[in-house]
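Protein chains in written order, with my numbering: chain Y, 6 to 120; chain C, 6 to 120. Taking it in order: structure first as structure tokens, then the write-up.
There are 2 protein chains.
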Amino acid sequence: MEEKVKISMLCEFYGTLLTKKQYEFINDYYNNDLSLSEIAENNGITRQAVRDIIKKGEKKLFEYEEKLMFMKRTLNQEKKIEKALSELTKIQKEYSDKQIANVLEDIKKELNCLV
Amino acid sequence: MEEKVKISMLCEFYGTLLTKKQYEFINDYYNNDLSLSEIAENNGITRQAVRDIIKKGEKKLFEYEEKLMFMKRTLNQEKKIEKALSELTKIQKEYSDKQIANVLEDIKKELNCLV
Numbered sequence: 006m007e008e009k010v011k012i013s014m015l016c017e018f019y020g021t022l023l024t025k026k027q028y029e030f031i032n033d034y035y036n037n038d039l040s041l042s043e044i045a046e047n048n049g050i051t052r053q054a055v056r057d058i059i060k061k062g063e064k065k066l067f068e069y070e071e072k073l074m075f076m077k078r079t080l081n082q083e084k085k086i087e088k089a090l091s092e093l094t095k096i097q098k099e100y101s102d103k104q105i106a107n108v109l110e111d112i113k114k115e116l117n118c119l120v
Numbered sequence: 006m007e008e009k010v011k012i013s014m015l016c017e018f019y020g021t022l023l024t025k026k027q028y029e030f031i032n033d034y035y036n037n038d039l040s041l042s043e044i045a046e047n048n049g050i051t052r053q054a055v056r057d058i059i060k061k062g063e064k065k066l067f068e069y070e071e072k073l074m075f076m077k078r079t080l081n082q083e084k085k086i087e088k089a090l091s092e093l094t095k096i097q098k099e100y101s102d103k104q105i106a107n108v109l110e111d112i113k114k115e116l117n118c119l120v
């Protein structure tokens, strides 16, 4: 996974554990595509200060993932659910029985909420 | 959910974020059913010191759950997967087609790993 995408995802998982500034700057930099200079200007601080705050926040995100592994577990889980979903779709196509198709559709809807 | 069960589960989720002592004492108290006095004796400290360490650890567990909500999300997810599993079992029973039964069994096995 690309580093930028990884940090953005980690921030979705653990962002609430960061300081407000760390969260805001990481969000601005990785999700809103602002440059360090733009964030610095918006906040009236130096570019280096912005970089330091982002780096410290990133370090925390990686540390939380190393200890809790929620992102790794969630991605594994999603992979399994997606596999189950694609198998359910296959069965749906092969079996034209309307009743079974409806039940399978319901099951898929429920599982789809989890990915 | 009973408080004791809740703390024990929270410790499974966030235990790696506690200090070694907090984790050990909470585990001894809630999972191994040791009394505060027994833990105190085993560690050569007072009963009150044990209680303080456990209380501090519990507070951290609740704070992490309040911020991250991984336990709540996981329990919701498990409920949905269990519902899907029970519906799959129903279809399996109604449809005697062997091929479809086998595919459904495979899907159930995958989903079962997630609960």
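By construction, the Cβ of each residue, glycine as well, lies at the ideal position given by its N, Cα and C atoms. None of the values given here were measured: they were computed from a predicted structure.
Check, Outcome
"Could you check where the alpha helix (DSSP H) with C/Tyr19 kicks off and where it finishes?", "Glu8 to Tyr19"
"Please name the residue, chosen from C/Lys113, C/Phe67 and C/Ile112, that lies closest to C/Leu15 on a Cα-to-Cα basis.", "C/Phe67"
"In chain Y, what lies closer than 8 Å to C/Cys118 by C-beta?", "Lys85"
"By the criterion of Cβ-Cβ separation under 7 Å, what are the contact partners of C/Ala2 in chain Y?", "Because chain C here runs from 6 to 120, residue 2 of chain C falls outside it and cannot be looked at."
"Tell me where the alpha helix (DSSP H) around Y/Leu69 begins and ends.", "One point to set straight first is that residue 69 of chain Y is Tyr, not Leu, in the sequence displayed. Its alpha helix (DSSP H) spans residues Arg52 to Leu73."
"Are there 16 or more other CB atoms within 10 angstroms of the CB of C/Val120, so buried, or fewer, so exposed?", "exposed"
"What separation, rounded to the nearest whole angstrom, lies between the Cα atoms of Y/Ile105 and Y/Thr79?", "29 Å"
"Would you identify the three-state DSSP class for C/Asp38, choosing helix, strand or coil?", "coil"
"Identify the contact partners of C/Lys72 in chain Y, using a Cβ-Cβ distance below 7 Å as the criterion.", "Thr21 and Leu22"
"Starting from the Cα of Y/Ala54, find the closest Cα among Y/Lys65, Y/Ser42 and Y/Lys64 and give me that residue.", "Y/Ser42"
"Does the beta carbon of C/Tyr35 sit closer than 8 Å to a beta carbon anywhere in chain Y?", "no"
"Can you check whether the CB of C/Leu93 is closer than 8 Å to the CB of C/Asn117?", "no"
"Does any residue of chain Y bring its CB to less than 8 Å from the CB of C/Gln82?", "yes"
"Mind reading off the beta-carbon distance from C/Phe18 to C/Gly62? Whole number of angstroms is fine, and I expect it under 8 Å.", "Not a contact, Cβ separation roughly 13 Å."
"Along the alpha helix (DSSP H) that carries C/Tyr28, what are the first and last residues, could you check?", "Lys25 to Ile31"
"Use the C-beta contact count for C/Asp33: other C-beta atoms within 10 angstroms, 16 or more gives buried, fewer gives exposed.", "buried"
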